[in-house]
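Protein chains: 2
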Amino acid sequence: MLLREIERHGRIPRIDLSEVTGISRATVTTITADLLRDGLIQEIPREADADMRRGRPRVDLKIDGSAHMVAGIKVSDTSISLMLLDFEGTQLAELEVPMDKGAKPSAVLAERIKEATTSLVVLIGKSLADLSGIGVGLAGVVDAQNGTVYWSPSLQDSNINFRDILSETLGVPAYLDNDANLVAMAEKTFGLGREHSDFIVVTIESGVGMGIVLNNQIYRGTRGCGAEFGHTKVQLEGAMCRCGQRGCLEAYVADYALVREAASVGLIDADVPAEHRIEVLLAAAKNGTPMAKKIVQRAGRMFALGLANLVNIFDPELIILSGEQMQFDHLFAQEVIEAMRTSIVQIDKAPPDVVIHKWGNLMWARGAAAYALDFVHEMAAKDPNHDAV
Amino acid sequence: MLLREIERHGRIPRIDLSEVTGISRATVTTITADLLRDGLIQEIPREADADMRRGRPRVDLKIDGSAHMVAGIKVSDTSISLMLLDFEGTQLAELEVPMDKGAKPSAVLAERIKEATTSLVVLIGKSLADLSGIGVGLAGVVDAQNGTVYWSPSLQDSNINFRDILSETLGVPAYLDNDANLVAMAEKTFGLGREHSDFIVVTIESGVGMGIVLNNQIYRGTRGCGAEFGHTKVQLEGAMCRCGQRGCLEAYVADYALVREAASVGLIDADVPAEHRIEVLLAAAKNGTPMAKKIVQRAGRMFALGLANLVNIFDPELIILSGEQMQFDHLFAQEVIEAMRTSIVQIDKAPPDVVIHKWGNLMWARGAAAYALDFVHEMAAKDPNHDAV
């Protein structure tokens, strides 16, 4: 609890710590002595102030950033994005590693994550053993509590405990969550959701993700997998989705769905590499190629329909569309938002705010790192001598 | 608070009341004396027990059922259903009054509700002035907190404070809510939801309604209108809905939608009265008329799709399908539930329970009465001399 208060305040003298927590000064002194001895916090001289003049120089306590180090990792379709944070949450390094497209066996993906994480820590002359935890965000149906991945477009296996596989492969405690949940957590912690207790984050890139914050917490549902949006159905017996079902929203708005349609009408030359096909289609749509516009605009209308359904069902304060610039532009964001507004139940009150937050994979990785940091804080407070496995 | 505790216990002696509330015996005695004087509670001799033998006969306190009387009213497409409860929640009378189909001006509907409510209280020789409150459930988009009906299939007007209109027309305080929310409340209070903190009630009859209970409370969303299901879209630019938009779930599964399709292929003779057309269609489907089956089965598949989306988004513990027997049978309920199960994201855990709760309009009316009773309890506790307006 003291550790958490110190973290919250940044820097705080012992006497204030006693006041805000209601713990006696003597006890605060004893516990902080332990925390200092274990290297979790440090003393820093207080800036010159009134206290000095009274002849009693005081010290502030702060988290010792060097006590622990965590990595946040976002696995996307064609890359692994990583960020390294110290125990204070200060960024130490970042890295983006390209990866071949497509689902992989879990052992292969774990190995890729290990290689990428090693490259990350090497940037500051460290090794994997110096990490106290890694947070990993993955698209798909993930039970964060027990570490199970039920299904992910990044994995060939399903219903596996990928958290344990990662922990073993890297020799570092791993914490797993759905990637959109981690974006929602990032928005809540240091993004546009800081002032809101209830909001929805929708991400669209190679897939469509959603994170719901209700009452300041990630909504996870009864079975722990949280809210699924990309595989809600927008058309009975509709287009084939990579999840194996028909008519999912993703099967109309995700990159692969657009590329699939574009290829079928010859809009994309066969020699364009897979990872650049979406760009070719979007460029054609922007240049006014009629067939390309048709494809992209239907995707936008389907996305608007999905958003309108979320508004009808949840009536949230705020919807944050998060993801990279290009990904939203291609759906003509303003048209989508307008179409959403006309498709919701019309009442005599303003519809929820929809804001677009263009941040890249590294911010997702930061959300993952913040997620891991929470666990490491908790564990450090319980057992200060806790080290990487 | 004492009143609420007495209600919760049914019967309770003063000394226990002091214990469970932590209020001193002296204060309990003073306050309960006031409640007795105001006729809100009564004393009843305790059943023979150990106390008697010690020579000190004690009395229990209980709510005085005769202190107040409330009516619960459900407005449906072709009828008004009413239930009369006393202050204890005991049923005094019930009534079902037929009504001509279709949206009405708010003054006309208020007048119909007044006439029906008068007929109800007359059943036990009372008048409207004897009512302390009426609870009214209405299909559509209703803000329960401020009494606004933004849109209802029963009303020609939109964005009006129908609660105030009702209160004035009847001269009785009215409490308004979306009808499906009242069913959810009924399920929570005395139905299948008693043991569950999180569940969804879906109703299907002339329209499709939904009530969501999260954390033991009705989920109402940011703008107060709660969760909307019937007008979520299941088809881009789909069938025309009576709300004026296209592709709503209701436009595929509600009575009017089925009758509309049946009429267009000549399945229903022009001389069949409007209110019997759905029965004609359902009978034909049951008898195996191919076109009738086609119509009804697509409705079932669309309903399954909508349910699957709810499961994907909310991952609830339990879904209760509530409504009258016929209404569910016609969608081949087991087939619908099976189709829902194959359309949700498949994980290695059992899907949520789906139970069908066949109860009629009178149980909805009971939910409405319970809703009104809550307000009357609260007001009586604040101002024991509160009377009908």
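From first to last, the protein sequence lines are chains A and B. Okay, so the first sequence: first residue is 42 according to this note's numbering, each after it adds one. Okay, so the second sequence: first residue is 42 according to this note's numbering, each after it adds one. For every residue, glycine included, the Cβ atom is placed at its ideal position computed from N, Cα and C.
Check                                                                                                                          : Outcome
Through-space distance from B/ARG66 to B/ILE56, alpha-carbon basis                                                             : 7 Å
Beta-carbon contacts of A/ALA410 that lie in its chain and below 7 Å, excluding the five residues immediately before and after : VAL111, ALA112, GLY113, MET124, LEU126, GLY176
B/LEU277 versus A/ALA349, A/LEU403, A/VAL116, A/GLU316, residue with shortest Cα-Cα distance                                   : A/ALA349
Assumed close pair B/PHE231, B/MET251 - CB separation to whole angstroms, cut-off 8 Å                                          : Going by Cβ atoms, the distance from B/PHE231 to B/MET251 rounds to 20 Å, so no, they are not a contact pair.
DSSP three-state assignment for B/MET42, whether helix, strand or coil                                                         : coil
Range of the contiguous beta strand (DSSP E) that encloses A/GLN286                                                            : First-last for A/GLN286: undefined, no H or E at that position.
Contact list for the stretch 341-358 of chain A against chain B, Cβ threshold 8 Å                                              : ARG342, MET343, LEU346, ALA349, ASN350, LEU351, ASN353, ILE354, PHE355, ASP356, PRO357, GLU358
Close beta carbons around A/ARG264, own chain, < 8 Å, minus the five adjacent residues each side                               : ASP184
CA-to-CA distance, A/SER195 to A/LEU43, given in whole angstroms                                                               : 40 Å
B/HIS398, enclosing beta strand (DSSP E) - first and last residue                                                              : 394-399
Three-state secondary structure (DSSP) of A/GLY106                                                                             : helix
Closer than 9 Å to chain B by CB, A/GLY262                                                                                     : yes
Pair within 9 Å by beta-carbon distance, A/ALA422 and A/TYR216                                                                 : no
A/ARG453 - containing beta strand (DSSP E), residue span                                                                       : In this structure chain A extends from 42 to 430, so residue 453 of chain A is not present and cannot be described.
Status (buried if at least 16 other CB within 10 Å, exposed otherwise) for A/THR73                                             : buried
The stretch 225-243 of chain B touching the stretch 348-363 of chain B, judged by at least three CB pairs closer than 8 Å      : yes
Neighbour flag for B/TRP400 against chain A, beta carbons, 9 Å                                                                 : no
Residues from the stretch 295-322 of chain B in contact with chain A, defined by Cβ distance under 7 Å                         : none
Residues from the stretch 378-400 of chain A in contact with chain B, defined by Cβ distance under 7 Å                         : SER384, VAL386, ILE388, ASP389, LYS390, PRO393
Contacting positions in the stretch 226-248 of chain B - beta carbon closer than 9 Å to chain A                                : ASP239
Neighbour list for A/TRP192 in chain B, Cβ cutoff strictly below 8 Å                                                           : VAL386, GLN387, ILE388
Beta-carbon gap between B/ARG87 and B/VAL100 smaller than 9 Å                                                                  : yes
Cross-chain neighbours of A/ASN187 in chain B, by beta carbon under 9 Å                                                        : Simply none; closest approach about 11 Å.
Per-residue DSSP class, three states only, for B/PHE416                                                                        : helix
Straight-line Cα distance separating A/LEU58 from A/GLU46                                                                      : 7 Å
Within chain A, the residues that B/ALA268 reaches when beta carbons sit closer than 9 Å                                       : ASN353, ILE354, PHE355, ASP356
Any chain B beta carbon closer than 9 Å to A/VAL163                                                                            : no
9 Å Cβ cutoff, A/SER195 in contact with chain B                                                                                : no
Contact residues within the stretch 43-64 of chain B, judged by C-beta distance below 9 Å to chain A                           : none
CB contact flag (A/GLY188, A/ASN202, <9 Å)                                                                                     : yes
Under 8 Å from the C-beta of B/ASN200: neighbouring residues of chain A                                                        : ILE388, ASP389
A/THR244, DSSP secondary structure in three states                                                                             : strand
DSSP-derived helix/strand/coil call for A/TYR260                                                                               : coil
Listed by chain order, chain A residues near B/GLN338 by CB distance under 9 Å                                                 : Near B/GLN338 there are no residues of chain A at all, since even the closest Cβ is about 11 Å away, more than 9 Å.
Beta-carbon proximity of B/HIS50 to B/GLU228, cut-off 9 Å                                                                      : no
Nearest-angstrom Cα separation, counted from A/LEU346 out to B/GLU320                                                          : 33 Å
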